[in-house]
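Engineer: The sequence shown begins at 1 in UniProt numbering and counts up by one. For each residue, glycine too, the CB sits at the ideal point set by N, CA and C.
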Amino acid sequence: MSQYWSELTASLVPYVPGEQPKDQRYIKLNTNENPYPPSPKVIEAIQAATNADLRLYPDPTCEPLREVLAQYYGLTKEHVFVGNGSDEILAFAFPAFFSADRTILFPDITYTFYPVYAKLYGINYETIPTDEQFNIDARQYGIPNGGIIIPNPNAPTARFMLVDQLKTILEANRSQVVIVDEAYVDFGGESVVPLVAGYHNLLVVQTLSKSRSLAGLRVGMAVGHPDLIEGLNRIKNSFNSYTLDRLALAGAVAAIEDQAYFENTNRKVIATREWTIEALKPLGFQAIESKANFIFVTHPERSAPELFASLKSRGILVRYFNKPRIDQYLRVSIGTDEEMEAFVSAVKAILQTEA
Ligand code: PMP
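(1) Taking contact to mean at least 3 C-beta pairs separated by less than 8 Å, is the segment 84–98 in contact with the segment 214–228?
(2) Quick check: residue 364 and Val205, are their CB atoms within less than 8 Å of each other?
(3) Closer than 8 Å by C-beta to Asp53: which residues in its own chain qualify, once you throw out the five before and the five after it? Chain order, please.
(4) In angstroms with no decimal places, state the Cα-to-Cα distance between Ala158 and Gln3.
(5) Fully enclosed by the segment 93–142, which beta strand (DSSP E) runs are 3 residues long or longer?
(6) Can you check whether the CB of Thr207 is closer than 8 Å to the CB of Pro58?
(7) Between the segment 329–339 and the segment 117–130, are three or more C-beta pairs nearer than 8 Å?
(8) DSSP state of Ala155, grouped into three classes?
(9) Following a CB-centred definition, is Asn30 positioned closer than 7 Å to any heavy atom of ligand 1?
(10) Should Pro153 go down as buried or exposed, given a rule of 16 or more other Cβ atoms within 10 Å for buried?
(11) Can you tell me whether DSSP reads Pro320 as helix, strand or coil?
(12) Can you have a look at Ile143 and say buried or exposed, based on whether 16 or more other CB atoms are within 10 angstroms of its CB?
(13) Considering only heavy atoms of ligand 1, list every residue whose Cβ is less than 5 Å from one of them, following chain order.
(14) Glu78 and Pro226: beta carbons closer than 8 Å?
(15) For the segment 280–288 against the segment 169–179, are there 3 or more C-beta pairs whose distance is under 8 Å?
(16) Could you give the residue range of the alpha helix (DSSP H) that holds Tyr261?
(17) With a 10 Å radius around its C-beta and 16 neighbouring C-beta atoms as the bar for buried, classify Glu19 as buried or exposed.
(18) Report yes if the C-beta distance between Phe98 and Ile89 is below 8 Å; otherwise report no.
(19) Can Ala105 and Asn145 be called in contact, C-beta distance under 8 Å?
(20) Go ahead and label Leu8 buried or exposed: buried means 16 or more other beta carbons lie within 10 angstroms of its beta carbon, across all protein chains shown.
(21) 8 Å is my cut-off, CB to CB: does Met340 come that close to chain C?
(22) Report the residue from Lys281, Ser303, Asp101, Thr298 whose alpha carbon sits nearest the alpha carbon of Gly147.
(23) Smallest Cα separation from Pro40: which of Leu311, Phe321, Thr265, Val318?
(24) Which word fits Thr130, buried or exposed, when buried means at least 16 other C-beta atoms lie within 10 angstroms of its C-beta?
(25) Specify, as a first and last residue, the run of the beta strand (DSSP E) that Asp337 falls within.
(26) What residues match up with Gly83 in a beta bridge as DSSP calls it?
(27) Measuring alpha carbon to alpha carbon, tell me which of Ser313, Gly315, Pro305 ends up nearest Asn322.
(28) Going by beta carbon distance, what residues of the same chain come within less than 6 Å of Asp186, once the five residues before and after it are set aside?
(29) Using the Cβ count rule (16 or more neighbours within 10 Å means buried), how would you classify Asn30?
(30) Ends of the beta strand (DSSP E) at Leu203?
(31) For Ser333, which of helix, strand or coil comes out of DSSP?
(32) Between the Cα of Gln47 and those of Arg25, Gly251, Ile136, spot the shortest distance and give me the residue it belongs to.
(33) Within its chain, find whatever has a CB closer than 8 Å to the CB of Asn293; leave out the 5 residues flanking it on each side and keep chain order.
(34) Strictly by DSSP, which residues pair up with Val297?
(35) Just to confirm, are Ile350 and Ser303 a CB contact at a threshold of 8 Å?
(36) Taking C-alpha atoms, which residue in Arg319, Lys281, Tyr26, Lys291 lies nearest to Glu182?
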């Protein structure tokens, strides 16, 4: 006989993360990690923090990191929240700012975690259609709602919006929280952090996982009016274990302080992205314009799942989503120049040999 709780857990549809295979070494272009190592100063800082103080709990307010981030953003530490990856911050934001009786909005093609959190917290959502080329139309976000999430650039499409378009959304929604998820903004996008001073309902979420090469450290940050930060703190403090650990705090401070390293690796990723798009064009691929560390590509005559499988058999992992509207696309993270050359060569070989 089925128990009531087994039906409850069965009704949860969790997020399915990209593969982290252990069976062989792949050229891993499937989870938007940065191909370059973190700044050497980050490694030094973590090594220096690996000492007897690990017996002590970390600072629950994460002050030094929030100070450094406040300086970086030109705001105060009361405007800054940090969490174990931006996913954790999003997980706090849902119960903090959205309620079960008011429908929230996000684009139809977007980061799959948003519907997962909405279902988990019992929050209704409506998806707003993107156009044929996955553009988000800001004017469609003027309908009544209980909050909005916009990823910019979007994932997995790589489409980005201009600050003025996001302003249109903020203007039409002054009494609800608008979250702009800027996980990929550092690869040529435009941040809305400068709008925080003018819009008390704007929460900007960023991460060290992509542009700072620290997916393994799990550090994300949110910037917004102190009232929003207080909302996040209330959720965080309702649990016991959710502060950043001592090593993550030390590494994150060093990462933010090493601006030159960050700019240099981002420049390389952007240049490699543009090279890859140009190399794929003569092979018949179409790419959505990208300001992220990945590209979203389709080939009018080739099946995406077959390309995915052929690449995997050649030791190259990309991401395929078996979902309506995007099931003929591949999302390819930008690796090093050598990795992307190997990817393009493999694609060429597949197109030539596999009819
Ligand atoms: N937002 C978007 C749009 C993402 O693609 C990701 C990474 N999968 C995240 C947030 C979460 O990143 P992290 O938890 O590593 O900060």
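Structural biologist: With the given structure in hand:
(1) In this structure the segment 84–98 lies against the segment 214–228, because at least three pairs of beta carbons, one per stretch, are closer than 8 Å.
(2) Only positions 1 to 355 of the chain appear in the structure, and residue 364 is not among them; the question remains open.
(3) Cβ neighbours of Asp53 beyond the five flanking positions: Arg246.
(4) Rounded to whole angstroms, Ala158 and Gln3 show a C-alpha spacing of 43 Å.
(5) If we require 3 residues or more, the beta strand (DSSP E) runs fully inside the segment 93–142 come out as 104–107, 125–128.
(6) One thing to note: Pro58 has its Cβ no nearer than 8 Å to the Cβ of Thr207.
(7) In this structure the segment 329–339 does not lie against the segment 117–130, because fewer than three pairs of beta carbons, one per stretch, are closer than 8 Å.
(8) Coil at Ala155, not helix or strand.
(9) With a cutoff of 7 Å, Asn30 does not count as near ligand 1, since its C-beta is closer than that to no heavy atom of the ligand.
(10) So Pro153 ends up on the buried side.
(11) According to the sequence displayed, residue 320 carries Tyr and not Pro. Strand at Tyr320.
(12) With fewer than 16 Cβ atoms within 10 Å of its Cβ, Ile143 is classed as exposed.
(13) Those residues that have a beta carbon less than 5 Å away from any non-hydrogen atom of ligand 1 are, in order along the chain, Gly85, Ser86, Asp87, Tyr111, Pro151, Ala155, Asp181, Ala183, Thr207, Ser209, Gly220.
(14) In this structure, Glu78 places its C-beta atom within 8 Å of the C-beta atom of Pro226.
(15) No: fewer than three Cβ pairs fall under 8 Å.
(16) 259–280 is the span of the alpha helix (DSSP H), which, as asked, contains Tyr261.
(17) Result: exposed.
(18) 8 Å or more divides the Cβ of Phe98 from the Cβ of Ile89.
(19) First, the residue type needs correcting, since residue 105 is Leu and not Ala in the sequence shown. Taking a C-beta distance under 8 Å as the contact criterion, Leu105 and Asn145 qualify as a contact pair.
(20) Leu8 comes out exposed.
(21) Going by chain labels, chain C is absent from the structure shown, which holds only one protein chain.
(22) Of the listed residues, the one whose Cα sits closest to Gly147 is Asp101.
(23) Considering only alpha carbons, the answer is Thr265.
(24) Around the beta carbon of Thr130, 16 or more other beta carbons lie within 10 angstroms, which makes this residue buried.
(25) Boundaries for Asp337: no beta strand (DSSP E) harbours it, while the alpha helix (DSSP H) harbouring it runs 337–353, taken from the DSSP string.
(26) Gly220.
(27) It is Pro305 whose Cα lies nearest to the Cα of Asn322.
(28) Cβ neighbours of Asp186 beyond the five flanking positions: Ser211, Asn266.
(29) With 16 or more other Cβ atoms within 10 Å, it is buried.
(30) From DSSP, the beta strand (DSSP E) with Leu203 extends over 202–207.
(31) The three-state reading of DSSP puts Ser333 in strand, counting E and B together.
(32) Closest in C-alpha terms to Gln47, from the list Arg25, Gly251, Ile136, comes Gly251.
(33) The residues are Asn32, Asn34, Tyr184, Phe187, Lys210, Ser211, Val269, Arg273, Ser333, Ile334.
(34) Looking at the DSSP assignment, Val297 forms a beta bridge with Ala287, Leu330.
(35) No; because the gap between Cβ atoms is not below 8 Å, this pair is not in contact.
(36) When each option's Cα is compared against that of Glu182, the closest is Lys291.
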